[in-house]
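Using the numbering used here, you'd call the opening residue of the sequence shown number -3 and step up by one each time. Cβ coordinates follow ideal geometry from the N, Cα and C atoms, glycine included. Keep in mind it's a predicted model, so treat the numbers as computed, not measured. Here's the structure we're looking at; comments come further down.
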Amino acid sequence: MTPQLGADSEVGTLRTVILHRPGDELRRLTPRNNDQLLFDGVPWVDRAQEEHDAFAELLRSRGVEVLLLGDLLTEAMTASGAARMQGISAAVNERRLGRALAGDLAAHLRGVPAPELTSILMAGMTFDELLAAEQVEPEASGASLVRRMHHGADFVIDPLPNLLFTRDSSFWIGNRVAITSLALPARLRETTLTDLIYAFHPRFRGIRRAYESRTAPVEGGDVLLLSPGVVAVGVGERTTPAGAEALARSLFDDDLAHTVLVVPIAQERASMHLDTVCTMVDVDAVVMYPAIQHSLSAFTIRRENGTVTIRGADPFLDAAADAMGIGKLRVIDTGLDHVTAEREQWDDGNNTLALAPGVVVAYERNVETNARLEASGIEVLRISGSELGSGRGGPRCMSCPVARDSAASPPVRA
């Protein structure tokens, strides 16, 4: 039986998830371009694939249906010519390539079978690869100055190594999907592929959209579904205040939330998203970086009697507990001492994926955080992430929940 699509929390029993198995797009990373493509190093791709396969198998062993983004993309473009055209149009940048080369590239891609086109759209294509695919000599390759002036190893289509982090380009709330707007140039085209899947894949036929932004950035890593009707949105390096406000008003208009907490976070690489410093591990518990526990604040946006109000900023933990209707949130932090806490926060110790209330997937290397979670009654399922983590993302970042059971109401705590 196919699970009903949708989610109203971070911790309801996970039924279906979208992952992306790392592929040739990671092989495009070099010491020269990894910063531009938002990776902190050049990963060992074979090992990253092994780690990701183990992650996916762990989810399957717990009854989670795993959908792979590459398969979904191929199936969507096989089912729909419009899907192919949308993917090609997003990949062919006439402003960068010039009209002549853009026309040649689009014509070539239109003749490529769907599986190969999926690979190109994700992993990119170099000028040399295009020339080889066209099977023409360089001097006969058309009147394009751009062709003549670029090196053969330059990209005619840029790779998308951050596809690994499927959380960011979409998230589900209620029975609708929100398509986000990614902030940095290296990731802009990811949203197009995600949109294509939801628009044209038979699995998602007829779903309704919760939010679509083409302007102010909002990224899924900044969005936490604290409880039914209560959403926290981080504002920092990736999500802007305008994006958070637009999302809040859209959720109110569609009756998908009654309260949105807008949470300012440091605009730093270590805390690029809210889920790098805080994630839900139970219906009433979060794992949190202790350095920000007492300083993290929130603006509370509510819709009451048709009127939107903004209050704050107030301490985040107090504002969250109040919005969730509980006395207090349990907080489990990433370490007793500053050095351990900082190291494990950098290594995504706070970035856990809940499979059910009180059951989370976490990187094995965060020994102290995992021990503290277990001491607080949380079951921790450990995975290796020595190579997966080179793009600064943990189990939550690498997963887009498509179907979760509704979460039980949290207990009232004094």
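Figure out for me which residue from V304, M276, T303, E300 has the closest Cα to the Cα of A317.
-> Locating residue 317 in the sequence shown gives position 321, counting from the first residue. Residue M276 is the option with its Cα nearest to A317.
Between the CA atoms of L105 and F151 - distance to the nearest angstrom = What you label residue 151 is simply residue 155 of the sequence shown in a count that begins at 1. What you label residue 105 is simply residue 109 of the sequence shown in a count that begins at 1. Each residue's alpha carbon lies about 15 Å from the other.
Would you report the Cα separation of R205 and I175, rounded to the nearest angstrom?
-> Position 209 of the sequence shown, counted from the first residue, corresponds to residue 205. Position 179 of the sequence shown, counted from the first residue, corresponds to residue 175. The straight-line gap from Cα to Cα measures roughly 7 Å.
Please state whether DSSP places A182 in a helix, a strand or coil.
-> Sequence index remark: in the sequence shown, residue 182 carries index 186 (1-based). Helix at A182.
Starting from L220, follow the beta strand (DSSP E) in both directions and report where the run begins and ends.
-> Numbered from 1 along the sequence shown, position 224 holds the residue referred to as residue 220. Run containing L220: 219 to 223, per the beta strand (DSSP E) assignment.
Spell out the partners DSSP gives A87 in its beta bridges.
-> Along the sequence shown, read from residue 1 onward, the residue named residue 87 stands at position 91. The bridge partners DSSP lists for A87 come to none.
Where D310 falls: helix, strand or coil (DSSP) = Position 314 of the sequence shown, counted from the start, is the residue given in the question as residue 310. Residue state, collapsed to three classes: strand.
Report the residue ranges of all beta strand (DSSP E) runs contained in full by the region 291 to 346; include only those spanning at least 3 residues, in chain order.
-> The region 291 to 346 is shown to contain whole beta strand (DSSP E) runs of 3 or more residues at 293 to 300, 303 to 311, 326 to 329, in chain order.
Starting from the C-beta of T235, find all residues in its chain whose C-beta is less than 7 Å away, skip the five residues before and the five after it, and write them out in chain order.
-> Along the sequence shown, one-based indexing puts residue 235 at 239. Scanning its chain for C-beta atoms nearer than 7 Å, with the 5 sequence neighbours on each side dropped, one finds around T235 the residues P213, V214, E215, D218, V229, in chain order.
Among all the DSSP beta bridges, which residues are the ones paired with T275?
-> For the purposes of this step, residue 275 is identified with residue 279 of the sequence shown, where counting begins at 1. BP columns for T275 point to V283.
Environment of P18 [buried if 16+ CB atoms lie within 10 Å] = Numbered from 1 along the sequence shown, position 22 holds the residue referred to as residue 18. Buried: at least 16 other Cβ atoms inside 10 Å.
Would you mind reading off the limits of the alpha helix (DSSP H) that contains L243?
-> Sequence index remark: in the sequence shown, residue 243 carries index 247 (1-based). Where L243 is concerned, the enclosing alpha helix (DSSP H) stretches over 237 to 249.
The beta strand (DSSP E) enclosing T255, as first and last residue numbers = As a position in the sequence shown, residue 255 is number 259, starting the count at 1. Where T255 is concerned, the enclosing beta strand (DSSP E) stretches over 255 to 260.
What residue range is occupied by the uninterrupted alpha helix (DSSP H) comprising S115?
-> As a position in the sequence shown, residue 115 is number 119, starting the count at 1. DSSP places S115 in the uninterrupted alpha helix (DSSP H) bounded by 110 to 119.
State the beta-bridge partners of A228 as determined by DSSP.
-> As a first step, residue 228 must be located in the sequence shown, where it is residue number 232. For A228, the pairing in a beta bridge is given by DSSP as L220, L257.
Supposed contact pair A50 and S380 - C-beta distance, whole angstroms, cut 8 Å = Residue 380 sits at position 384 when you count from the first residue of the sequence shown. Residue 50 sits at position 54 when you count from the first residue of the sequence shown. The C-beta separation of S380 from A50 comes to about 7 Å, placing the pair in contact by the 8 Å criterion.
Same chain, Cβ closer than 8 Å to T330, five either side skipped, listed in chain order | Indexing the sequence shown from 1 puts residue 330 at position 334. Excluding positions up to five away in sequence, the list reads V283, M284, Y285, P286, T336, A337, E340, Q341, G345, N346, N362, E364, T365, R368.
Quick one: is G387 buried, meaning 16 or more other Cβ sit within 10 Å of its Cβ, or exposed?
-> Within the sequence shown, numbered from 1, the residue matching residue 387 stands at position 391. Per the 10 Å Cβ criterion, buried.
When DSSP labels each residue in this structure, what does F161 get in the three-state scheme?
-> Here residue 161 corresponds to residue number 165 of the sequence shown, with the count starting at 1. Coil at F161, not helix or strand.
Assumed close pair L257, A319 - CB separation to whole angstroms, cut-off 8 Å = In the sequence shown, counting from the first residue as 1, residue 257 sits at position 261. In the sequence shown, counting from the first residue as 1, residue 319 sits at position 323. Taking C-beta atoms under 8 Å as the contact rule, L257 and A319 qualify, at a distance of about 6 Å.
Report the residue from A294, Y359, V376, H334 whose alpha carbon sits nearest the alpha carbon of A352.
-> Your numbering for residue 352 matches position 356 in the sequence shown. Of the listed residues, the one whose Cα sits closest to A352 is V376.
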